[in-house]
Each structure stands twice: as C-alpha cells, then as structure tokens.
C-alpha cells in the first residue's frame, strides 16, 4: 500500500515538474517578445520627442502660410507616431495579458497539486495518530529503526504545516495576479479607445490643412488677409465678452473655495510647460485688448491627453468655432469640481467626456489642440469659483447673426490656477 502511495506522489511531482518546464519555456518566449515591444516603444518615444522639439521651434517662427503648412505636416507625423506608439502599447498589453494568464494557470495548477499532496499528508498523519509509541517499538526490529520512524512522523507533521503555508501563499499570489489581469484589461481597453481618438485627430489635421490651402489658394498674401480678418473678429468678440462680464456681479464667499496655496489640483498634462501666466503680464497687454489674461496657458502639441485635475462633474462642452471661427475657445469643456472650483479647458482638438459625467483626477477628458483663437497648439485653463461661472449663449456682434455659447463669469470671479496646483519650478516656465 505504501508503495502505491509513493508511486502516486511521484507521478504528481513529475506532472508538476513537466508542467513547470513547459511554463518556463513559454514564459521565456513571452518575456522576449515583451522586451522587443518595450524597445520599439522607447524608439517611437524618441521619434515623438524629436517631433515635439521641431514643433516647439516652429511655434517661435513668424506666422506665415509656409510655417503653418510645415506645422500641420509635422503635427501629422507626430500624430502618426502617437498612433504607432499606442499600437505597440496594445501589442505589449496583449503579451502582458498572455503572460499573466499563463502565470495564473500555473498557480492554479500549483494549488491543485498542493491540495493533493496535503490531503495525502493528512491521511498519513491520521494513520499515524492511531498508533502509539509502544506499537511503533514493537513493529520495528531495533531501537534505531524506532527512532527513525518517530523522526519520520515528526517530519510528516512539519510537511503538513509547510504545505498549508505554501497553499495560502499560492492563493494570495493567485489573487494578486487576478487583480493585475483586471488592471491590464482596463489598460488595454483605454489604449484601444486612445487609438481611435488619435485616428480622429489625424483626420482633423488633414482636413485643417486642406481647408487652409483652399482658403488661401496657397498664397502668402491671401493667408495674411485671412489672419487679419480673424484677428479683427477675435478683438471684436473679446471686447463684447469683456463688456458683458464686467457688467456681471459676483461677490466671493472665501469659505466656499480652497485657500490660496492649498494644493487641490493635479496638473492637467503629463509634461508641464507654462507659456502664459494669469492676469497682467509682459505679454498680456500686447495679446489681449483687456490687457489681462483670463487663465494659464500650457504648451501642448495637438493630440496631447488632457486630464481632469480633481474629482468633479462635466457641466458642459462645446465649440465656439461653429458659430464664430477663430473668435474664442474653439472646442472647450467646463468641469465643476467637488472642491468648490471650476475650470474651462480651451483650444481642444477632441473632447472625451459628456455633459453631466462624473470624472476623477487624472482621467482623460480631452485632447489638446489649436482650435479657436490660438497662435499655436496649446491648452488654456480658466479657473473660477464653481458658483461663479455659467454656460451662456449670447448673440455675437463679432459674427453677426450667430449665437456664441461658452462659459462666462464676472471679471472679478477669475482666479489664478497656480494658486491651487503643486509648486512650480523654474523648468516649468518657457
């Protein structure tokens, strides 16, 4: 009977050993593929960084048709590299999933084998517990053999304890891997959604270039006339907006918003470079008829993911270019946060959130762009107390016969975003 038990346990161990060899072989192959994917991702990231530098350089050049076309062409290349990056990330996600699934299968097999061995250990212990010391001594020929039997029994008890511990460890390991696979599936879904977004933005980029060339007939003189026309519309709208907002009354209740210096916001972008500060600055008098900037501007190439800065609710979103091209925010989204503040993101290329949707800090709600009145791709962020801003549609004098819908607030209600973000460093400023 003991020989049968031994043979049974040996077969179990052998099956586990063979399975282990097979898993190790597959694991090595998968990890090799993951390493290759990571290398490709690193290479594409370097390519994207090179495009970003070129785009930043062009943004400093004169606003000419030639430079605009060059910027659109470079933006397209950068966006196509973004797509290639996301496709590689999806490939890696799938490999990671496959590896995790194999690890889970192996862990489940380990648990199954451990339970069989443990059950046999327990049966052996039960058999031994029915034999007392005298019976053991009688059943053996020598005292040494008797002590050896007792020692084997003690080892068996220890084996039961060790197998129980290992079984618990295997179960914890299994739960950890199952959690990882859930996270990886979500990451895969997010990356696939991001890929679809990036393809839409590329199509917008192509359409924008075609429209520009059609409107200007590829002539610098026509481009200059177009820019002058848009600048006149922008100034006219800014004047009417300032007039409207200056007539609004708002009395701030400090108890309803965080104190200045209290960090209640995360950054809206992964890479932070501030190009225009809030309020009266060296450039604001030149750039705005009011002489003051209503928000904070960040450098952001077209198609850069834009995040919610805290938990909150999307109040509304829209596109001012539909009614009055080049006059204001372009594509915008207004978020009211649980902390008592609200922000408008402007000049977006694509909006990801919907009206009334709950969002969490770090969630992608849009992609940056160059819509509305914009001298180059960037993200504009206006900040206000939550109860001070409303989405209002007003007939526009700048674009006669059109109603321009966008967030509006009393002039006195605008706040400095940087009073509520993490501390800035010199490297964060242009």
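In the working numbering, the protein residues as written are 150 to 579. Note that the Cβ used here is the ideal one computed from N, Cα and C, for glycine as well. Since we're looking at a predicted model, the values are computed, not measured.
Rounded to whole angstroms, how far is the Cβ of residue i from the Cβ of residue j, which I believe are closer than 8 angstroms?
| i | j | result |
| --- | --- | --- |
| residue 527 | residue 446 | 5 angstroms |
| residue 234 | residue 197 | 7 angstroms |
| residue 463 | residue 503 | 6 angstroms |
| residue 394 | residue 552 | Going by Cβ atoms, the distance from residue 394 to residue 552 rounds to 17 angstroms, so no, they are not a contact pair. |
| residue 218 | residue 341 | Rounded, the Cβ-Cβ distance is 32 angstroms, inconsistent with contact. |
| residue 337 | residue 246 | 7 angstroms |
| residue 422 | residue 195 | That pair is no contact at about 19 angstroms. |
| residue 441 | residue 429 | 5 angstroms |
| residue 487 | residue 457 | Contact flag wrong, Cβ pair sits at about 11 angstroms. |
| residue 248 | residue 176 | 7 angstroms |
| residue 534 | residue 426 | About 20 angstroms separates the two Cβ atoms, so there is no contact after all. |
| residue 183 | residue 238 | That belief does not hold up - the Cβ atoms of residue 183 and residue 238 are roughly 12 angstroms apart, past 8 angstroms. |
| residue 412 | residue 571 | 6 angstroms |
| residue 241 | residue 187 | 7 angstroms |
| residue 405 | residue 210 | Their Cβ separation, rounded to whole angstroms, is 45 angstroms, which puts residue 405 and residue 210 out of contact at 8 angstroms. |
Run through DSSP, which three-state label would residue i get?
| i | result |
| --- | --- |
| residue 500 | strand |
| residue 559 | coil |
| residue 539 | strand |
| residue 393 | helix |
| residue 425 | strand |
| residue 318 | helix |
| residue 184 | helix |
| residue 438 | Residue confidence is low: residue 438 scores 49 on pLDDT, short of 50, so the model does not pin down where it sits. Its coordinate-derived value is still stated next. Coil, per DSSP. |
| residue 407 | coil |
| residue 200 | helix |
| residue 366 | coil |
| residue 398 | coil |
| residue 551 | strand |
| residue 453 | coil |
| residue 351 | helix |
| residue 443 | coil |
| residue 575 | helix |
| residue 214 | helix |
| residue 564 | strand |
| residue 591 | Absent from the structure is residue 591, since the part of the chain shown begins at 150 and ends at 579. |
| residue 516 | strand |
| residue 388 | helix |
| residue 206 | helix |
| residue 266 | helix |
| residue 258 | helix |
| residue 433 | Low per-residue confidence applies at residue 433: pLDDT is 46, beneath 50, and the placement is therefore not dependable enough to give any value. |
| residue 342 | helix |
| residue 465 | strand |
| residue 412 | coil |
| residue 545 | strand |
| residue 174 | helix |
| residue 570 | coil |
Cβ of residue i within 7 angstroms of Cβ of residue j?
| i | j | result |
| --- | --- | --- |
| residue 409 | residue 568 | yes |
| residue 518 | residue 497 | yes |
| residue 494 | residue 538 | no |
| residue 541 | residue 465 | no |
| residue 386 | residue 547 | yes |
| residue 256 | residue 179 | no |
| residue 554 | residue 461 | no |
| residue 225 | residue 352 | no |
| residue 373 | residue 365 | no |
| residue 520 | residue 564 | no |
| residue 562 | residue 399 | yes |
| residue 499 | residue 265 | no |
| residue 204 | residue 223 | yes |
Using a Cβ-Cβ cut-off of 7 angstroms, state whether residue i counts as contacting chain C.
| i | result |
| --- | --- |
| residue 451 | Any reference to chain C falls outside this structure, which holds one protein chain only. |
- prompt: Can you find at least 3 beta carbon pairs, one from the stretch 474-491 and one from the stretch 329-344, that sit closer than 8 angstroms?
  reply: no
- prompt: Are three or more beta carbon pairs between the stretch 219-232 and the stretch 310-325 nearer than 8 angstroms?
  reply: no
query: Between the stretch 496-515 and the stretch 478-486, do at least 3 Cβ pairs fall closer than 8 angstroms?
result: yes
message: So within the stretch 217-253, which uninterrupted alpha helix (DSSP H) runs reach at least 4 residues, ignoring any that extend past its ends?
response: none
query: Are at least three pairs of beta-carbons, each pair with one atom in the stretch 519-538 and one in the stretch 406-424, less than 8 angstroms apart?
result: yes
field: Segments of 4+ residues assigned as alpha helix (DSSP H) that fall wholly inside the stretch 469-514
entry: none
- prompt: Between the stretch 200-215 and the stretch 361-378, do at least 3 Cβ pairs fall closer than 8 angstroms?
  reply: yes
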